[in-house]
Amino acid sequence: MRPPAAPSGYMAMRVADGLSQPLDLTAPPDDTARIFIVEKTGTIRILKGGQILPRAFLDLSSIVSNGGEQGLLGLAFHPQYASNGKFYVYYTDKPGGNIHVVEYVVSSNPDSASATSREILFVDHSRYSNHNGGQVAFGPDGYLYIGLGDGGSGGDPNGNGQNLNALLGKMLRIDVNSGSPYSIPAGNPFLGQTGKRGEIWSYGLRNPWRFCFDRANGDMVIADVGQDRWEELDYEPAGMGGRNYGWSRMEGRHCYPPGTTCNQTGLVLPVAEYDHQAGCSVTGGYVYRGRLHPELAGTYFYGDYCTGLIRSFRIVNGNAVEEKDWTRAIRTEAGGAMQGLSSFGLDASGELYLVLLDGEIYKLVKRP
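Sequential numbering from 408 applies to the sequence shown in our numbering.
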């Protein structure tokens, strides 16, 4: 069932175009003058003063494998970026397509990274080219969270989602401020347990395509791309690690494979889902906490890559309420749906952006 239409009075304003397959958008803490855009092909570009700067902030195109679902997939700035200049990228490498999470440092030029500052945090090997996950983000606890897909192909043939001795199909949490190249926080749920990786924060994920932390309370929402029938949104109260979100025992709120029964003991079911009549690949967004639209405070936005569907809800007592459909309100400059919606993003002020794989960037604004 389609949720009721969103209130009128909003629109998407195009702020940039001509990018090469953009996949992510973010900004350093407190840097309201610049927005950083990740291009799948291996570069990070800066939007400054309404223009894309001609020189890339970082160019990894020579080492990034970008076919299919591979590429430069995520970017996170250290909470103390203003003083230490550190940031983190997630990409698949040439020639093997292995997952890399790497630390870099900005150069003396604030609009250019130091390519020689490279420090690899970890590498994970995948047999298949899809389901790489791809986001890195710092939580309110100061730790780095990393969303990894199950490594492909279809149906999780290697059983990674439920295997606590594998990093694929998981949300990880690591401490980049200590250890070499990182340490595992003492509060991680599986730390020190035999046959379980201490880096794991939560598990049972198929391909988490964007997750976010609510800036007001630290709660997390994870958008997990489904297999054949269901796209899901998972809610996690702040600090509640160790959760099993079900894949590959379940797809959304339904046993997998379809038509089978399954043991749901210990599983955390999605707070929201939609079927493949509405879309085919969920794109997770953010809980809005900006200043332009105070009436939207606490609203979580998400969409679908295939159809351009845009929806929202609020979380109240662990439930999704006030669901709205924004698909007719948030349109491209040409008047079409936001098809190819590869990501949402936030600037340093908490304003919401939409990223289209065709190279366009939009901002949620009031209609004149």
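We treat Cβ as the ideally placed atom computed from N, Cα and C, and that holds for glycine. What you are looking at is a predicted structure, and each value in this text was computed from that prediction instead of being measured.
Below 8 Å between beta carbons: does that hold for residue 577 and residue 533? Here residue 577 refers to the residue found at position 170 of the sequence shown. Here residue 533 refers to the residue found at position 126 of the sequence shown. Not closer than 8 Å, so no.
Entirely enclosed beta strand (DSSP E) segments - the segment 586–638, minimum 3 residues: 607–610, 615–620 and 627–631
Own chain partners of residue 765 with C-beta closer than 7 Å, once the 5 adjacent residues on each side are dropped: As a working mapping, residue 765 is identified with position 358 in the sequence shown. So the qualifying residues of the chain are 747.
Since residue 490 is in the beta strand (DSSP E), which residue starts that stretch and which ends it? Here residue 490 refers to the residue found at position 83 when the sequence shown is read from its first residue. Premise fails: residue 490 lies in the alpha helix (DSSP H), 488–491, not in any beta strand (DSSP E).
Mind checking whether residue 472 and residue 429 have CB atoms under 8 Å apart? Reading the sequence shown from its first residue, position 65 is the one you call residue 472. Reading the sequence shown from its first residue, position 22 is the one you call residue 429. Not in contact: residue 472 and residue 429 (Cβ atoms no closer than 8 Å).
When DSSP labels each residue in this structure, what does residue 702 get in the three-state scheme? Here residue 702 refers to the residue found at position 295 of the sequence shown. DSSP places residue 702 in helix when its eight states are reduced to three.
Coarse secondary structure for residue 567, derived from DSSP in three states: The residue labelled residue 567 in the question sits at position 160 within the sequence shown. In this structure, residue 567 counts as helix in the three-state DSSP scheme.
Could you tell me the alpha carbon to alpha carbon distance between residue 767 and residue 420, rounded to whole angstroms? Taking the sequence shown and counting its residues from 1, one reaches residue 767 at position 360. Taking the sequence shown and counting its residues from 1, one reaches residue 420 at position 13. Using only the alpha carbons, I get a separation of about 10 Å.
Using the C-alpha atoms, what's the distance from residue 562 back to residue 568? By 1-based counting over the sequence shown, the position of residue 568 is 161. By 1-based counting over the sequence shown, the position of residue 562 is 155. Going from the Cα of residue 568 to the Cα of residue 562 covers about 10 Å.
Who are the near neighbours of residue 716 in its chain, counting only those whose CB is closer than 7 Å to its CB and skipping five residues on each side? To locate residue 716, count along the sequence shown from 1; it is residue 309. Same-chain partners within the cutoff: 685, 686, 710 and 734.
With a threshold of 8 Å, are at least 3 pairs of Cβ atoms found where one atom belongs to the segment 652–666 and the other to the segment 591–607? no
Just how far apart, CA to CA, sit residue 454 and residue 629? Working through the sequence shown from its first residue, we reach residue 454 at position 47. Working through the sequence shown from its first residue, we reach residue 629 at position 222. Straight-line Cα distance between these residues: approximately 27 Å.
Taking only runs of the beta strand (DSSP E) that begin and end inside the segment 449–503, which ones reach a length of at least 3 residues, in chain order? 450–455, 479–484 and 493–499
Taking only three categories from DSSP, how would you classify residue 575? To locate residue 575, count along the sequence shown from 1; it is residue 168. Residue 575: coil per DSSP, three-state reduction.
Through-space distance from residue 535 to residue 559, alpha-carbon basis: One-based indexing of the sequence shown puts residue 559 at position 152. One-based indexing of the sequence shown puts residue 535 at position 128. Answer to the nearest angstrom: the Cα atoms are 5 Å apart.
Do residue 597 and residue 544 count as a contact pair if the criterion is CB distance below 8 Å? In the sequence shown, counting from the first residue as 1, residue 544 sits at position 137. In the sequence shown, counting from the first residue as 1, residue 597 sits at position 190. Contact flag unset, no.
If I'm right that residue 719 touches residue 632 with Cβ under 8 Å, what's the distance once you round it to whole angstroms? Along the sequence shown, one-based indexing puts residue 719 at 312. Along the sequence shown, one-based indexing puts residue 632 at 225. 19 Å between Cβ atoms; not a contact.
Given a threshold of 16 other Cβ atoms within 10 Å of its Cβ, counted over all protein chains shown, does residue 580 qualify as buried or as exposed? Walking along the sequence shown from the start, residue 580 turns up at place 173. Buried, since its Cβ has 16 or more Cβ neighbours within 10 Å.
Note the first and the last residue of the continuous beta strand (DSSP E) segment covering residue 690. Translated into positions along the sequence shown, residue 690 becomes position 283. Counting along the chain, the beta strand (DSSP E) containing residue 690 begins and ends at 689–694.
Determine, using beta carbons only, whether residue 518 and residue 460 come nearer to each other than 8 Å. The count along the sequence shown starts at 1 and reaches residue 518 at position 111. The count along the sequence shown starts at 1 and reaches residue 460 at position 53. It is a contact, given that the beta carbons lie within the stated cut-off.
If you follow the beta strand (DSSP E) that residue 763 is part of, which residue opens it and which one closes it? Stepping through the sequence shown from its first residue, residue 763 is reached at position 356. Here the beta strand (DSSP E) through residue 763 covers 759–763.
To the nearest angstrom, report how far apart residue 492 and residue 470 are at their CA atoms. By one-based count along the sequence shown, residue 492 stands at place 85. By one-based count along the sequence shown, residue 470 stands at place 63. Near 22 Å, if we compare the C-alpha coordinates of residue 470 and residue 492.
Whole angstroms is fine: what's the gap from residue 489's alpha carbon to residue 435's? Position 82 of the sequence shown holds residue 489. Position 28 of the sequence shown holds residue 435. Straight-line Cα distance between these residues: approximately 8 Å.
Please report the distance separating the alpha-carbon of residue 516 from that of residue 539. The residue labelled residue 516 in the question sits at position 109 within the sequence shown. The residue labelled residue 539 in the question sits at position 132 within the sequence shown. If I take the Cα positions, the gap works out to 32 Å.
Between the C-alpha atoms of residue 437 and residue 725, what's the straight-line distance to the nearest angstrom? Working through the sequence shown from its first residue, we reach residue 437 at position 30. Working through the sequence shown from its first residue, we reach residue 725 at position 318. Each residue's Cα considered, the two are about 30 Å apart.
Taking the beta strand (DSSP E) that residue 731 falls in, what are its first and last residues? Position 324 of the sequence shown, counted from the start, is the residue given in the question as residue 731. It spans 726–732 - the beta strand (DSSP E) in which residue 731 sits, taken as one unbroken run.
Nonlocal neighbours in the same chain, by C-beta distance under 6 Å from residue 422, ignoring five residues either side: Position 15 of the sequence shown, counted from the first residue, corresponds to residue 422. These residues qualify, in order along the chain: 768 and 770.
Taking the straight line between their C-alpha atoms, what separation do you get for residue 574 and residue 431? Translated into the one-based positions of the sequence shown, residue 574 becomes position 167. Translated into the one-based positions of the sequence shown, residue 431 becomes position 24. Roughly 22 Å separates the two Cα atoms.
I'd like to confirm the pairing. Which residues does DSSP put opposite residue 721 in its beta bridges? In the sequence shown, residue 721 corresponds to position 314, counting from 1. BP columns for residue 721 point to 706 and 728.
To test your reading of the DSSP string, which unbroken beta strand (DSSP E) runs of 3 or more residues are found completely within the segment 518–569? 520–531, 542–545 and 551–554
Taking residue 682 as the reference, give the member of 458, 669, 456 and 637 with the closest Cα. Counting from 1 along the sequence shown, the entry for residue 682 is found at position 275. Nearest option by C-alpha distance: 637.
Burial state of residue 773, where buried means 16 or more other Cβ atoms lie within 10 Å: Walking along the sequence shown from the start, residue 773 turns up at place 366. With fewer than 16 Cβ atoms within 10 Å of its Cβ, residue 773 is classed as exposed.
Give me, in chain order, the residues of the same chain whose beta-carbon lies closer than 6 Å to that of residue 736; leave out the 5 immediate sequence neighbours on both sides. As a first step, residue 736 must be located in the sequence shown, where it is residue number 329. Cβ within range, chain order: 413 and 417.
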